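Everything below concerns the one structure shown next.
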Amino acid sequence: MAKKNVADEHQIVPKGTLKQLSVDEVIPSRNNPRLLFDPEPLRLLKQSIREKGVLVPLTVYPLKGQDKFGILDGERRYRCCALLKEEGLSLKIPANVVDPPTRVAGLLYMFSIHNYRQQWELMPTALSLETIIKDLGENDTKKLEKLTGLSEPQIERCKKLLLFPKHFQNLSLDPDPKTRVPSNFWIEALPVLDLVELALPDLYGQLTRDGLTQKLIDKYRAGKIKSVIHFRKVVEAYNLAEDHSRPTVIARIRSYILDPDLETRTAFDEFVVDARRIQDAIEVSRQYLSNIRKLKLQFAADYKDDLVDALSEIRDYLDFVLDKLKGVEPPPETSKEEEASARG
Amino acid sequence: MLAAKLACYLFAKLKFHDYAPQPVTYKTVAAWLDQFGEETQKQLLTLLRHVKYVSDHETRKDLSCLNRALLKDLKERGIEPKNVIYVQIDEAGSSSHVVLNMLRNDDRLQALGCTLLDSRDGIGLLEASYRLEEGAIIYVDDFLGTGNQFCKSRDIVAQQILGRWVEFIVAPYICEEAIEKLEKRSIEHRAMAVHTKTERFLHPDSEQCPRDLKLKLLRVCRRVDRRYSLGYHNLGSMIVYSRNCPNTVPAVLRGNKGQDPFVGLIPRTSDLPPIPE
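This is the structure in structure tokens:
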């Protein structure tokens, strides 16, 4: 007999009794509908249901405690019927009533709902994924992708969130958006924590990873991390630093961690912006040289004067920059009158 | 004038005898009344007569009564107390945590095997709901006004509920405005009464107050708060708890934030100025 895979085992097979339910007898998904579905397809579906009714039955299961049914399949059809009811059109919804799903099947359904939503707050998804991983003993990203319908990058991001202790994860589940820590905070903070472990082992040992994380949270809440993507500047500053400047960057990372008032950009822009500018300049110089060589200008015959002027301008500018970089003082400026008298 | 003030004081003292945020004394009543003319003072006394004051004792009794009835219903429908999760909603200004503590002690919820959780404990909720697989989530509070804040918090909390769960809200009084929002979410409400618009003395839909008097009192409320003269979202609710006053009552009862420029007779805790050093 062929072995069933995990996904098949937990599939919901709609074979139950067909019932005609009113909107009030169905409990919608607990996720915010405004964020779940695109309005335009929903509008078209609503229009079709208004004209023809619900053609494909929902799949529902009975719930204990209320005389209502939970939805396993057909959330959008249900939403349309609920909207039509608000507009004064009460419809009966055909529904296949099946046995309540197993825990895992219910979770997998929830993932299918989550996938509708683009701006989903990732932490609840990550925690549900953790439950799947534990229950099914499956940690392979590819298999989890198939099982849950989440994309590979989504799963990887979820796994990063799961590296943090529960009390930190809880901060992303805070019902109050003002105090909630966005899930991206953890994803962006992770490389910083790893960097501190690598570059400042003494500080890492002294504060511990949790202590360091707490310091970053405090900084974030104090408004000293304007955007969580600014964490990238910390790692970038370290990676771009040459051997001689690396101790300065490391010292700055230490100050950044220990001083709650030191803002991310203030701390690292000087390393990142400068370093990036120089990298860009080297790249542009190489490209320019390669391009200008290809033009074989030494064989130019016409418009020579214009070419000489253009190249001289470049040479003057480069001489000026090179003198500056080598620390050569520019010649003292003389006025035209002084030049004339000198010649005279 | 003194007689009117005294009458108002006696009435207020009797009615709000144990109002916790700021005790009702002759001084506070006088300070409140002195902001208005003689005629308005009499009208304010009429307004006070229509306030429903609920003591802590009454709140406890009501909550317990509602809760026990709900647990009984749930048991009959196959949900044992061990499959019940109580959640306190931590919205700004909510009494949910206080109320759940009351209920926990009065109804010995933990001894029954129920789980009690804070809405901020998302992981706890996720783990408990997944472990128990099915049952009832019960939110507890003493009052629901518009229901906006509650629903906003609940919608976040609900993302952490895994499995087959039905939801209930237990609150002694719920304003009419919240009911539709609860129904949309299939949250069944258990209340002593739904506080309808028609029974709110100054609400436009109410005919309890004579038209002239209503206009005059509305003008007074507008002087205190131009935007929310009848309280948050102009609900004009008339239920006041001894523990604290909801923010949906007419503005003249609460006064302004920091009690400046207008002082109230029954300000909310958050309306009071800091204690002077």
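First to last, the protein sequences are chains A and B.
Numbered per this note's numbering, the first sequence spans residues 353 to 696.
Numbered per this note's numbering, the second sequence spans residues 12 to 288.
Each residue gets a CB set at the ideal place from its N, CA and C atoms; glycine is no exception.
Predicted model, so just to flag it, every value in this text is computed and none were measured.
Let me see if you follow: with CB-CB separation under 8 Å, is Tyr252(B) close to chain A or not? no
Any idea if Arg142(B) is buried or exposed, counting beta-carbon neighbours within 10 angstroms, 16 or more meaning buried? exposed
Listing by chain order, which chain A residues have their CB less than 8 Å from the CB of Ala231(B)? Ala is not the amino acid found at residue 231(B); the sequence shown has Val there. Neighbours of Val231(B) on chain A: none; closest Cβ ~34 Å, over 8 Å.
Can you say whether Gly422(A) is buried or exposed, counting buried as having 16 or more other CB atoms within 10 angstroms of its CB? buried
What are the boundary residues of the beta strand (DSSP E) that includes Arg119(B)? It is not in any beta strand (DSSP E) - Arg119(B) carries neither H nor E in the DSSP assignment.
Pairs of beta-carbons, one from the region 108 to 115 of chain B and one from the region 165 to 178 of chain B, closer than 8 Å: are there three or more? no
With C-beta atoms as the reference, is Gly458(A) less than 8 Å away from Leu173(B)? yes
Does the Cβ-Cβ distance between Val328(A) and Glu540(A) come in under 8 Å? The first residue shown for chain A is 353 and the last is 696, placing residue 328(A) beyond what the model contains.
Mapping DSSP to helix, strand and coil, what is Asp166(B)? The DSSP-derived three-state label of Asp166(B) is helix.
DSSP three-state call for His596(A): helix, strand or coil? coil
Scan the region 69 to 141 of chain B and note each continuous alpha helix (DSSP H) run of 4 residues or more that stays entirely inside, going in chain order. 107 to 117 and 120 to 123
Quick check on DSSP: helix, strand or coil for Ser693(A)? Unreliable positioning characterises Ser693(A) in this predicted model, as indicated by a pLDDT of 46, which lies under 50. A coordinate reading is not provided.
Name the two residues that bound the continuous beta strand (DSSP E) containing Pro414(A). Leu410 to Pro414
For Ser702(A), go through chain B and note every residue whose CB falls closer than 7 Å to its CB, in chain order. Since the displayed chain A opens at 353 and closes at 696, residue 702(A) lies outside it and no answer follows.
Have a look at Leu276(B) and Val40(B) and give me their C-alpha separation to the nearest angstrom. 6 Å
In whole angstroms, what is the alpha-carbon distance linking Gly417(A) and Arg175(B)? 10 Å
Sequence ranges, beta strand (DSSP E) only - wholly within the region 423 to 480 of chain A, length at least 3: 445 to 449
Figure out for me which residue from Ile666(A), Val624(A) and Thr616(A) has the closest Cα to the Cα of Ser637(A). Ile666(A)
C-beta contact flag for Glu188(B) and Gly158(B) at 8 Å: Cβ atoms of Glu188(B) and Gly158(B): closer than 8 Å.
Against chain B, which members of the region 601 to 623 of chain A pass a CB distance test of less than 8 Å? none
Looking at the structure shown, is Leu370(A) part of a helix, part of a strand, or coil, going by DSSP? In this structure, Leu370(A) counts as strand in the three-state DSSP scheme.
Report yes if the C-beta distance between Leu228(B) and Gln54(B) is below 8 Å; otherwise report no. yes
Rounded to a whole number of angstroms, what is the C-alpha to C-alpha distance between Phe463(A) and Leu415(A)? 20 Å
Chain-ordered neighbours of Val168(B) on chain A, where CB pairs are closer than 7 Å: Pro527
Coil, strand or helix - Cys510(A) by DSSP: Of the three classes helix, strand and coil, the one that applies to Cys510(A) here is helix, per DSSP.
Mapping the DSSP letters down to three states, classify Ile379(A) as helix, strand or coil. strand
Out of Leu443(A), Arg509(A) and Thr483(A), point me to the one whose CA is closest to Leu474(A)'s CA. Arg509(A)
At what residues does the alpha helix (DSSP H) containing His214(B) begin and finish? In the DSSP assignment, His214(B) falls outside any alpha helix (DSSP H) and carries neither an H nor an E.
Per-residue burial, His214(B) [other beta carbons within 10 Å of its own, 16 or more giving buried]: buried
Terminal residues of the beta strand (DSSP E) in which Tyr150(B) lies: Judged by DSSP secondary structure, Tyr150(B) falls within the beta strand (DSSP E) whose first and last residues are Glu145 to Val151.
C-beta contact flag for Lys208(B) and Asp216(B) at 8 Å: Their beta carbons are under 8 Å apart, which means Lys208(B) touches Asp216(B) by this criterion.
Val274(B) by DSSP, collapsed to three states: which one? strand
Distance cutoff 8 Å, beta carbons only. Does Pro599(A) sit that close to anything in chain B? Chain B, which has no Cβ nearer than 8 Å to the Cβ of Pro599(A), makes this no.
How big is the Cα-Cα spacing for Arg428(A) and Arg395(A)? 10 Å
C-beta atoms of Val544(A) and Glu588(A) nearer than 8 Å: Going by C-beta atoms, Val544(A) is not nearer than 8 Å to Glu588(A).
If you draw a straight line from the C-alpha of Asp621(A) to the C-alpha of Lys585(A), how long is it? 7 Å
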